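Undergrad:
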Amino acid sequence: MTPLIEARGLTKHFSTGNALLAKHRPVVRALESVDLSIERRECFALVGESGSGKTTLGRCLMRLIEPTRGQVLLDGEDLTALRGRELRRRRRRFQMIFQDPYGSLNPRMRVSSLLEEPLAVHRLVPKEGRPRRCRELLDMVGLPASALDRFPHEFSGGQRQRIGIARALATEPEFLVADEPVSALDVSVRAQVINLLYSLQQELGLTLLFIAHDLALVEQIADRVAVMYLGRIVEVLEARHLLDAQHPYSVSLLSSVPLPDPKQRRGRIVLGGELPSATAPPSGCAFHPRCPVAQQRCREVLPTLQPLTKGGLAACHYPGELQREVVPNGTFSPQSRSEN
Amino acid sequence: MTALLDIEGLSLGFPRPGGGWNPVVRDLSFHVQRGELVGLVGESGSGKSLTALAILGLIPPPGKLLGGKILFEGTELTGLREPQWRRFRGSEISMVFQEPSTAMNPVLTIGSQIVEAIRLHRPLGKREAREEAEQLLEMVAIPEPRRRLSSYPHELSGGQRQRAMIAMALAGRPKLLLADEPTTALDVTIQAQILELLERLREELNLAVLLVSHDLAVIAETCERVLVMYAGQLVEEAPAAQLFRAPEHPYTRGLLAALPYLGRPAARGELPSIPGQVPEAEHRPSGCAFHPRCAERLDRCSLEAPPLISFEGDRRTRCFLRAIPAEEKGTTP
């Protein structure tokens, strides 16, 4: 079966600086030959630090930005070759949920207009049927119909994100890109939104690309995870095997995640230095200057994604070389409280 | 021995449109000892950041102090006039913010900003101050500190800027550092570096740190004692080890349960969450502010505000459940 969405050699270079000095403009290599395929009904997560290219990849897949090279296939059809009306017609099938529910909803539009807009633009529902459809959409995301007459600022962050989700669902898309959908929300309401996304995905058979920096969250909701570093995917693995990641960058990223348990403070692999500039990525493997187990070959030869014996793919000459310290099992569990 | 910082019954508020005051922070009491790393946790609207600003005498107008005391080494800070505040700010108590790029002057070099901070507090000449600034950058582990003195804030990465910000905060040799979400804008690998730096500074300088954060995991990584705030009140206080092993207040328990734990995923679609929303300061519920969201509420929780109850020596909770013997729990819906 063809994957629902596929990227082939997707590359995006941004030019910076003064257009008059075109020759000397440094080029930001935000994405470098990314191959990716997402199966139907899958929740696929992209993780990485800021500047890793995860948002650029999400937006290239949506064709919100034009890739420099490479193809995006939706159901086997090359989206990058489409223009104008043809492209707009396909847009109904893929939608996006943004990070900031404060910035992504027009503050001057009532919820009813926010939800009717995509219905009108894509000519999906005749005018008289729209209020009913809006009520349905609100119901799907757990908001009362009375929300229709209100403005975005009258809602809390969590409710606003629900409105953003309802708007994305208005066109009955098959593929949703959620770019850090809960990182602006309070911890106590994050789980509500995550659970909602999951149940909607199940109910509507959605395929989800979940872009996040929170690895613990990704482990909870994703089927597969791709780890990005400096514009490239360095590892792809199943979310339930996330802790068995083999690429040294994934391993050190995982070991940096703070755990809500003071007994497990040890075992951090603190990486030296910071993400190098994407205008001049290091030679060979881009991670080598920060990699604790880098060798000569890593400085010279660019590793490509290769299947691992343990499953998954990693772009590393020495996968599995760096190990997290084995962390002892903690004792905290929220249910075990009645014992005291 | 008196505590380094002692806060007693602090209330802070903003004017209500129809007259009167909205208390954003209510009757808050806690202390910080010398060289101690204390975590102050809360979600949006808990009043944690306003508390930190109040400790520096920087309550944003039209907010004001409605009651209570802030004592630093036994000296009362509340009621100080602006010139007197300046003696404390920076030299006794200092602060680092979430977003260093907005807390620094973009048109001045890192060096000149640190030199300014040093000379404000100590009678040093320009050259000596510049040497001192270089040492400060070295202390916070910025590579090539001498060269970095001439850099502008935008030329540094986010992590480096936060290090420079910390260096600047240390310029007056403070005893207490207030760190308001110092790693929230940073990536996890950089966050780990900054948290290590704070721990190291505490050891080397016997610096007390009040780490204000919404992230319980960050607090668990670094702090010895934790204060949990909800809707302007302290709802729980405990040594970190106890808080995370056996959280007492239903809010703390809910918050910990809602936090995804790497390596221990919950069932798909069934992440524990706290129902409802964090209340705004103008619409705080009667009785216990948490009762509309609490799964274990009793009848009295909506009528009476629970007091802070001390137990197990150094722990405190603001919940009626603690006051009732265990067998009676769960008898009311």
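Protein sequences, first through last, are from chains A and B. Mapping of the first sequence onto numbering that gives the first Met the number 0: residues 0 to 339, in sequence order. Mapping of the second sequence onto numbering that gives the first Met the number 0: residues 0 to 332, in sequence order. We treat Cβ as the ideally placed atom computed from N, Cα and C, and that holds for glycine. Computed from a prediction, not measured in an experiment: that's the story for all the values here.
How would you call A207/B, buried or exposed, if buried means at least 16 neighbouring beta carbons within 10 angstroms?
TA: Here residue 207/B refers to the residue found at position 208 of the second sequence. That one is buried.
Undergrad: Give me the chain A residues within the contact set of F310/B, using Cβ-Cβ distance strictly less than 7 angstroms, ordered along the chain.
TA: Position 311 of the second sequence, counted from the start, is the residue given in the question as residue 310/B. Near F310/B there are no residues of chain A at all, since even the closest Cβ is about 11 angstroms away, more than 7 angstroms.
Undergrad: Between which two residues does the alpha helix (DSSP H) containing L196/B stretch?
TA: Here the question's residue 196/B lines up with position 197 in the second sequence. Residues 187-204.
Undergrad: Nearest by alpha-carbon distance to A293/A: which of L307/A, P318/A, T278/A, P275/A is it?
TA: Start at 1 with the first residue of the first sequence, and residue 293/A comes out as number 294. That would be P318/A, whose Cα lies nearest to the Cα of A293/A.
Undergrad: Counting only beta-carbon atoms, is V24/B nearer than 8 angstroms to chain A?
TA: Against the second sequence, residue 24/B aligns to sequence position 25. No - not a single Cβ of chain A is within 8 angstroms of the one on V24/B.
Undergrad: Does DSSP put G66/B in a helix, in a strand, or in coil?
TA: Within the second sequence, residue 66/B is the residue found at index 67, counting from 1. It is a strand residue.
Undergrad: Indicate whether L4/B and L64/B have their beta-carbon atoms separated by less than 8 angstroms.
TA: Numbered from 1 along the second sequence, position 5 holds the residue referred to as residue 4/B. Numbered from 1 along the second sequence, position 65 holds the residue referred to as residue 64/B. No; because the gap between Cβ atoms is not below 8 angstroms, this pair is not in contact.
Undergrad: For chain B, check one thing: does any of its Cβ atoms lie closer than 8 angstroms to the Cβ of V181/A?
TA: Your numbering for residue 181/A matches position 182 in the first sequence. No, V181/A lies away from the interface with chain B (no Cβ there is under 8 angstroms from its Cβ).
Undergrad: Find the residues of chain A that neighbour H120/B, judging by a C-beta separation of less than 8 angstroms, and give them in chain order.
TA: The residue you call residue 120/B lines up with position 121 of the second sequence. Under the 8 angstroms cutoff, chain A gives no residues; its nearest Cβ is about 30 angstroms from H120/B.
Undergrad: Taking only the alpha-carbon atoms, compute the straight-line gap between I69/B and E303/B and give it to the nearest angstrom.
TA: Residue mapping note: residue 69/B aligns to position 70 of the second sequence, counting from 1. Residue mapping note: residue 303/B aligns to position 304 of the second sequence, counting from 1. So the alpha carbons of these two residues sit roughly 27 angstroms apart.
Undergrad: Around the C-beta of P327/A, are 16 or more other C-beta atoms found within 10 angstroms, so that it is buried, or is it exposed?
TA: Position 328 of the first sequence, counting from 1, holds the residue named residue 327/A. Confidence at P327/A is low in this model, with a pLDDT of 40, below 50, so its placement is unreliable and no value can be given for it.
Undergrad: Just checking, does the stretch 213-222 of chain A make contact with the stretch 190-200 of chain A on the three C-beta pairs under 8 angstroms criterion?
TA: yes
Undergrad: Over what stretch of residues does the beta strand (DSSP E) that includes H12/A continue unbroken?
TA: On the first sequence, residue 12/A is found 13 positions in, with the first residue counted as 1. In the DSSP annotation of this structure, the continuous segment of the beta strand (DSSP E) that includes H12/A starts and ends at 4-14.
Undergrad: Quick check on T330/B: does DSSP put it in helix, strand or coil?
TA: As a first step, residue 330/B is located in the second sequence; it is residue number 331 there, counting from the start. Since pLDDT at T330/B reaches only 45, below the 50 mark, its modelled position is unreliable, and no value is offered.
Undergrad: Which of the residues in the stretch 141-174 of chain B, read from start to end, lie with their CB under 7 angstroms from any CB of chain A?
TA: Against chain A - using a Cβ distance shorter than 7 angstroms - the residues of the stretch 141-174 of chain B are S156, G158.
Undergrad: Buried or exposed: where does P151/A fall if 16 or more other Cβ atoms within 10 Å of its Cβ makes it buried?
TA: Walking along the first sequence from the start, residue 151/A turns up at place 152. Under this definition P151/A is a buried residue.
Undergrad: Three Cβ pairs or more, each shorter than 8 angstroms: is that satisfied between the stretch 119-139 of chain B and the stretch 212-224 of chain B?
TA: no
Undergrad: P261/A touches chain B at which residues, Cβ-Cβ below 7 angstroms?
TA: Here the question's residue 261/A lines up with position 262 in the first sequence. By Cβ distance, chain B contributes A219, A239, A240, F243.
Undergrad: Classify E127/A: buried if its beta carbon has 16 or more other beta carbons within 10 angstroms, exposed otherwise.
TA: Taking the first sequence and counting its residues from 1, one reaches residue 127/A at position 128. The residue in question, E127/A, is exposed, as its Cβ has fewer than 16 Cβ neighbours within 10 Å.
Undergrad: Under the three-state reduction of DSSP, which class applies to P14/B: helix, strand or coil?
TA: Taking the first residue of the second sequence as 1, we reach residue 14/B at position 15. It is a strand residue.
Undergrad: Whole angstroms is fine: what's the gap from L177/B's alpha carbon to E98/B's?
TA: Within the second sequence, residue 177/B is the residue found at index 178, counting from 1. Within the second sequence, residue 98/B is the residue found at index 99, counting from 1. Roughly 14 angstroms between the two C-alpha positions.
Undergrad: Would you please verify whether the beta carbon of I193/A is less than 8 angstroms from any beta carbon of chain B?
TA: Locating residue 193/A in the first sequence gives position 194, where the first residue counts as 1. Answer yes: the Cβ-Cβ gap between I193/A and chain B drops below 8 angstroms somewhere.
Undergrad: Measuring CB to CB, does Y229/B end up less than 8 angstroms from G41/B?
TA: Taking the first residue of the second sequence as 1, we reach residue 229/B at position 230. Taking the first residue of the second sequence as 1, we reach residue 41/B at position 42. Cβ atoms of Y229/B and G41/B: closer than 8 angstroms.
Undergrad: Determine the chain A residues that contact Q32/B at a beta-carbon separation under 7 angstroms, and present them in chain order.
TA: As a first step, residue 32/B is located in the second sequence; it is residue number 33 there, counting from the start. None at all; the shortest Cβ gap to chain A is about 18 angstroms.
Undergrad: Taking just the CA atoms, how far does G157/A sit from R15/B?
TA: Taking the second sequence and counting its residues from 1, one reaches residue 15/B at position 16. Taking the first sequence and counting its residues from 1, one reaches residue 157/A at position 158. Taking the straight line joining both Cα atoms gives about 25 angstroms.
Undergrad: By the three-class DSSP mapping on this structure, what secondary structure does F319/B have?
TA: As a first step, residue 319/B must be located in the second sequence, where it is residue number 320. Helix at F319/B.
Undergrad: What residues of chain B sit near D138/A, judged by a beta carbon separation below 9 angstroms?
TA: If you number the first sequence from 1, residue 138/A lands on position 139. In chain order: nothing, as chain B lies at least about 18 angstroms away.
Undergrad: Could you work out which residue in E279/B, L242/B, A256/B, E311/B is closest to L39/B when comparing CA atoms only?
TA: The sequence position of residue 39/B within the second sequence is 40, counting from 1. Among E279/B, L242/B, A256/B, E311/B, the Cα nearest to that of L39/B belongs to L242/B.
Undergrad: From the DSSP secondary-structure annotation, give me the bridge partner or partners of I308/B.
TA: For the purposes of this step, residue 308/B is identified with residue 309 of the second sequence, where counting begins at 1. Its beta-bridge partners are T316/B.
Undergrad: Return the chain-ordered list of same chain residues with a C-beta closer than 6 angstroms to the C-beta of P246/B, the five sequence neighbours on each side being excluded.
TA: Taking the second sequence and counting its residues from 1, the one referred to as residue 246/B is at position 247. By the criterion of a C-beta distance shorter than 6 angstroms, P246/B is surrounded in its chain by R252, L255, once the five residues flanking it on both sides are discounted.
Undergrad: For I165/B, which residues from the same chain have a beta carbon less than 6 angstroms from its beta carbon, with the 5 sequence-adjacent residues on both sides left out?
TA: Position 166 of the second sequence, counted from the first residue, corresponds to residue 165/B. V95, V139, listed in sequence order.
Undergrad: Can you find a CB in chain A that lies within less than 8 angstroms of the CB of P14/B?
TA: If you number the second sequence from 1, residue 14/B lands on position 15. False, the Cβ-Cβ gap to chain A never drops below 8 angstroms.
Undergrad: Could you list the residues in the stretch 41-64 of chain A with a C-beta less than 7 angstroms from some C-beta on chain B, going in chain order?
TA: E48, S49
Undergrad: List the residues of chain B that S198/A touches, going by C-beta distances under 7 angstroms, in chain order.
TA: Locating residue 198/A in the first sequence gives position 199, counting from the first residue. Chain B residues near S198/A: G268.
Undergrad: In chain order, what residues of the same chain lie with their CB nearer than 8 angstroms to the CB of L136/B, ignoring the 5 residues before and after it?
TA: Here residue 136/B refers to the residue found at position 137 when the second sequence is read from its first residue. Cβ neighbours of L136/B beyond the five flanking positions: I109, I113, P144, R147, L148, R162, A163, A166.
Undergrad: Whole angstroms are fine: how far does the CA of Q70/A sit from the CA of A6/A?
TA: Here residue 6/A refers to the residue found at position 7 of the first sequence. Here residue 70/A refers to the residue found at position 71 of the first sequence. Rounded to the nearest angstrom, the two C-alpha atoms are 6 angstroms apart.
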